[in-house]
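There are 2 protein chains.
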Amino acid sequence: MQIQIDRDHDKPLFLQIVEEVERLVAQGHVPDGHRMPPTRELARQLGVNRNTVVAAYHELDLRGRTTAHTGRGTFVRAGTASGRAGIPWDELLGRTLNATLDLHSVPVQEADISFAMNFPAEDLLPVEAFRGALNRVLENEGARILTYGSPVGYGPLRHWIAESMSTPDAPVTAEEIVITTGSQQAIDLMARALVDPGDTVLMAEPGFPGALSAFQIYGAQVVGLESDVEGIRVDALERALARTPAKVLYVVPNFHNPTGVTMSEARRRAVLEVAARHRLPILEDDSGVDLRFEGEPLPSLYALDEDALTTYVSSFSKKLLPGLRVGWLTGPQPVRQRLVALKQLADCSTSLLLQAALHEFCRQGLLEEHLEKVRKQYRERRDAMVSAMRRYFPDGVHWTEPQGGLVLWVTLPQDMDARELLVEARTRGVVFNAGELFYAASPRRHQMRLTFGATPPQEIRRGIKILGEILSRSAGRGTEHRRDQEAVPLV
Amino acid sequence: MQIQIDRDHDKPLFLQIVEEVERLVAQGHVPDGHRMPPTRELARQLGVNRNTVVAAYHELDLRGRTTAHTGRGTFVRAGTASGRAGIPWDELLGRTLNATLDLHSVPVQEADISFAMNFPAEDLLPVEAFRGALNRVLENEGARILTYGSPVGYGPLRHWIAESMSTPDAPVTAEEIVITTGSQQAIDLMARALVDPGDTVLMAEPGFPGALSAFQIYGAQVVGLESDVEGIRVDALERALARTPAKVLYVVPNFHNPTGVTMSEARRRAVLEVAARHRLPILEDDSGVDLRFEGEPLPSLYALDEDALTTYVSSFSKKLLPGLRVGWLTGPQPVRQRLVALKQLADCSTSLLLQAALHEFCRQGLLEEHLEKVRKQYRERRDAMVSAMRRYFPDGVHWTEPQGGLVLWVTLPQDMDARELLVEARTRGVVFNAGELFYAASPRRHQMRLTFGATPPQEIRRGIKILGEILSRSAGRGTEHRRDQEAVPLV
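Set out below in structure tokens:
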């Protein structure tokens, strides 16, 4: 197989290999069923890193040009770009879907030190306590808890959540709680219920890609709103609404992902006032709630809202265990009613067993115990990151200092490109997310998200020192973006 | 509160109460915040069954006319049909959603003997064995298994499924398997990826409401195809395709829900041939696979398909544990690629813990052990139902005798209405699903689905005897359809 690559070309090497193979197949130089050379062999032949060939083969597989059989090798599928039968899949499945697909191809960023994973601290997960809760539930409830649950969720858990959300001014009843398969499902259902193609959706920019894409996939035009240290700017909201009416405003009031900013109470009230005036529904994503490690908790928009504008979603993923996939929503009755119907079609119901175990865990006060422990640790980790940045990052680099949550936002000097920094950092074992991932349009290149929740303080210091060294040399010129094995959750 | 009802009217009593309350509120006779009388009191006052009032209050709550506070009562929300703020929710959330909502309001059918729940046998669920698997996974894997999983699913489980699906002629690799949150999610994702409003979707009629509604919710025009004892009729398929091209054909080849019919191998091949000629994608729902209790297993359409038309979905819900919410799909690479992206937006990933425990369970051979046990029991239950029907059902009633699965289909004499039978049966503690639930359009009234999987043989005989007595008297005149507490999964 005569593959030509050009080291001086801008195009990533792995992509050059992909396109060469496609060319050879298209021109009939390589027959259907041809076995591709082993990655090690092709890497040696081309004089490139083996990972480059692995990435190329993975991309070829993604494009349907090859089929991989474990242990047997990778085989060419000639003329099969759209499936053997000539079903025009790309056309059938096209539409809005393809436009956003790229956003979901976030490569796994494996590295010694990852500031890329917005995961809770794995070393602090309450494995034994949760195992106890699971066992108690299975002992007490038996088979009943292993069958289908109601689409609205497990009664006792709904009750517990309602109690925990209730305030004297804003009581919440169990009937008002709908359990979802993580908060991502709640966002997706809301997007599905509200968005018609071409509708405008408003959200802070940079913003959470999981919400951004969920809206875009249904054809929404996402308009990014500028934020400051108190959250979404009211003037930006007013300007956007003056231009075009919007279907929904997506808000992350506490420890915003990716910026880490918390919306002040005054700003919450101001946003609600504007929304009420414009009859603008609000989707409040409060997945970070309870991860506050300093300052007083603020009332949610949902609690402040006297006009039934707000649908509230949250989850146990960040504050407890991502693997449960248990979140919830509440909001105006007509919204809840439709979202339950959609939820039923989306996955019938959320695992009853995990809901019951979670309820058992919470009921025993173990969640509060866990939160006390992790809040302290997350605060230490944030402090470690911030003080290391002060020490190692050169002048001209700025960052947010969140009062809670697991992420912060770094702004580099204007002329720097976070992707280039990432390429070099990765060679030294450190990864993060370049800021462009968090923009709907016109991404800024000189920003990045660092997560600190999942990394112990000592590792944080070591990683920030490495980033600081690269930044100080203002370096980073490589352009090859690797795609590794699998996509990761957009969290 | 002056509520007028008319016992001789066709309209169900509970609905009359609902509309009376709405009228009184609209005309200002009842103020905002007014406390509704306790159900017992209103029932006495109107001389109706208390359950009728409970159903009416539930409906009022669903419609947003009242708010229930546990322990405090039910309160009128005047002028609040669409939320306090005057956000026109019904308009915003309307569109295709409302049109299908009714289908999802299947009332919980609690009764002494339920032939309505398409659930596996609760008394046979392997609670202790699964608990063992959960504990082993948590001991061996620890925190790692409680964090986010990959959107494509847990590697070892994908591998196990691929092996179990592989045949010498049609090998399947782990890379080709995508884990979903039950097979319902796979169907929903496929519908989302393929259907544009107005597209035609083909499926057997009567058909599975969970698929029917999943297609309709995205705006599909579902065209029902006639089946015979070998499955979907080829002439019906040809005729439908001659009228209009379709986006997808949905097929349940084994132990079809609701008819119980299995598609013969010849019919599978014939359907594939027609589909290939028309370049028609197929969605094969094989959730019942492995629940065969007699006759030889047949190759799936996916395995027979040489034209990459078929996307295959299945699940562990019926054959093992519904509460896991673990299903899977495989199919042409372009389909898989898009569905993984959509899945990620739908719920990030399926619970890693449950996937790992399931893999542990399967790896130890416990699934095969479980299947051997339940197949035998399900066969006994089917036999009990069929022989009781022979004994107790009057002439003119016909039924299918499935070779596997959990359901069968009964056809009454043309002039009978299964809903009327249901009303009377319920008063005697027996419930089932009237056949109309399984039709997209023009439902036939003289059919019903009976499920036998979840009911022990003795109960089956007792329930069929009761149905037989009612049928023999050709009775059943009540018209009131009750809505109880909560909707159930459409399974």
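Protein sequences appear in the order of chains A and B.
Mapping the first sequence onto my numbering, position 246 (from 1) lands on 246, and the numbers just tick up by one.
Mapping the second sequence onto my numbering, position 450 (from 1) lands on 1450, and the numbers just tick up by one.
From the three backbone atoms N, C-alpha and C, an ideal C-beta is built for every residue, glycine too.
Small disclaimer: the values here were computed from a predicted structure and weren't measured.
- For B/N1051, the three-state secondary structure derived from DSSP is helix.
- For B/E1284, the enclosing beta strand (DSSP E) has its first and last residue at I1282 to D1285.
- For the pair A/P443 and B/E1059, the Cα-to-Cα distance works out to about 48 Å.
- Cβ-Cβ separation between B/L1124 and B/K1373: approximately 7 Å, consistent with a contact (criterion under 8 Å).
- As summarised for the stretch 301 to 332 of chain A, the continuous alpha helix (DSSP H) elements at least 4 residues long and confined to that stretch are 301 to 304, given in chain order.
- For the alpha helix (DSSP H) assignment, the uninterrupted runs of no fewer than 4 residues enclosed by the stretch 1215 to 1266 of chain B are, from N- to C-terminal side, 1234 to 1243.
- For the stretch 1192 to 1216 of chain B, the beta-carbon criterion of a distance under 8 Å to any beta-carbon of chain A is satisfied by A1193, L1194, D1196, G1210, S1213 and A1214.
- 9 Å or more divides the Cβ of B/F1293 from the Cβ of B/R1390.
- Distance from the CA of A/I217 to the CA of B/R1428, rounded to the nearest whole angstrom, comes to 49 Å.
- Cβ contact annotation for B/A1236 (same chain, cutoff 6 Å, sequence separation greater than five): L1225 and E1226, in chain order.
- Residue environment for B/P1031: exposed (fewer than 16 other C-beta atoms within 10 angstroms of its C-beta).
- With respect to the 9 Å criterion, B/A1384 and B/I1466 are not classified as neighbours on the basis of their beta carbons.
- When Cβ pairs closer than 8 Å are counted between the two stretches, the stretch 144 to 159 of chain A is seen to touch the stretch 342 to 361 of chain A, the count reaching three or more.
- Interface flag for A/T147 against chain B is set, since a Cβ pair is found closer than 9 Å.
- Of the residues A/F432, A/G295 and A/L358, the one whose Cα lies closest to the Cα of A/R375 is A/G295.
- Across the stretch 317 to 332 of chain A, CB contacts with chain B closer than 7 Å involve L321, P322, G323, L324, R325 and P332, in sequence order along the chain.
- Per DSSP, reduced to three states, the secondary structure at A/S114 is strand.
- B/T1173 carries a coil assignment under DSSP once its states are collapsed to helix, strand and coil.
- Closest option to B/V1248, judged by alpha-carbon separation, among B/L1291, B/D1417 and B/Q1221: B/Q1221.
- Straight-line spacing of the CA atoms in A/W89 and B/A1276 works out to 14 Å.
- Sequence-distant partners of A/E22 (beyond 5 residues in either direction) whose C-beta falls short of 7 Å from its own C-beta, in its chain, are R65.
- Under the Cβ criterion of 9 Å, A/T451 is not counted among the residues facing chain B.
- Boundaries of the beta strand (DSSP E) around A/V76: G73 to V76.
- With contacts defined as CB atoms closer than 9 Å, B/R1382 and B/F1115 fail to qualify as a contacting pair.
- Within a 10 Å sphere around the beta-carbon of A/H69 sit fewer than 16 other beta-carbons, which makes this residue exposed.
- The C-alpha of A/A388 lies about 38 Å from the C-alpha of B/K1343.
- Under DSSP, no beta-bridge partner is assigned to A/H34.
- Among the CB atoms of chain B, none fall inside 9 Å of the CB of A/L237.
- At least one beta carbon of chain B lies nearer than 9 Å to the beta carbon of A/P120.
- Of all residues in the stretch 333 to 350 of chain A, the ones placed with a Cβ closer than 8 Å to any Cβ belonging to chain B are Q333, P334, V335, Q337, R338, V340, A341, L342, Q344, L345, A346, D347, C348, S349 and T350, in chain order.
- In this structure the stretch 1203 to 1210 of chain B does not touch the stretch 1327 to 1334 of chain B; the number of beta carbon pairs closer than 8 Å is below three.
- Contact note: A/E175 reaches chain B through A1068, using a C-beta cutoff of 7 Å and chain order.
- Taking 9 Å as the threshold, the shortest C-beta distance from A/Q221 to chain B does not fall below it.
- In the DSSP assignment, the residues bridged to B/N1433 are B/R1449.
- Against A/R131, the close residues of chain B are L1134, N1135, L1138 and E1139, in the order they occur along the chain (beta-carbon pairs closer than 9 Å).
- Annotation for A/L408: the continuous beta strand (DSSP E) segment containing it runs V407 to T411.
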